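So the sequence shown is numbered by this note's numbering: it starts at 3 and just counts up by one.
Ideal Cβ positions, reconstructed from N, Cα and C, are used throughout, including at glycine.
In this text, all values refer to a predicted model and were calculated from it rather than measured experimentally.
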Amino acid sequence: MEKFVDPGNHNSGIDLLRTYLWRCQFLLPFVSLGLMCFGALIGLCACICRSLYPTIATGILHLLAGLCTLGSVSCYVAGIELLHQKLELPDSVSGEFGWS
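Here's what the structure looks like:
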């Protein structure tokens, strides 16, 4: 899904930064899930082999999965901030966080 320079206007051209941030936001959780499953498989092998080295590899894979999750959240926040820079608030909206 492509993100456009002027949100809602399909003739304004593609905003590559927002498009690739959205793609990373979508794909990084799947990479994280794959790393977690691979780490679990290596963890099972560590239990069978009774060795410390597969356990270290499992820890490294879990660390990488956590970094992928952090990257996904960062892509989401950056995409929202870029969208807020493109859109202007109406006069009746104060733009502050608060109670409804």
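For residue 88, the enclosing alpha helix (DSSP H) has its first and last residue at 55-88.
If you check the CB distance, residue 81 and residue 30 do not come in under 9 Å.
A Cβ-Cβ separation of about 11 Å leaves residue 70 out of contact with residue 27 under the 8 Å criterion. Contact between residue 60 and residue 44 holds: their C-beta atoms lie close to 5 Å from each other, under 8 Å. In the DSSP assignment, residue 41 falls within the alpha helix (DSSP H) that extends over 18-51.
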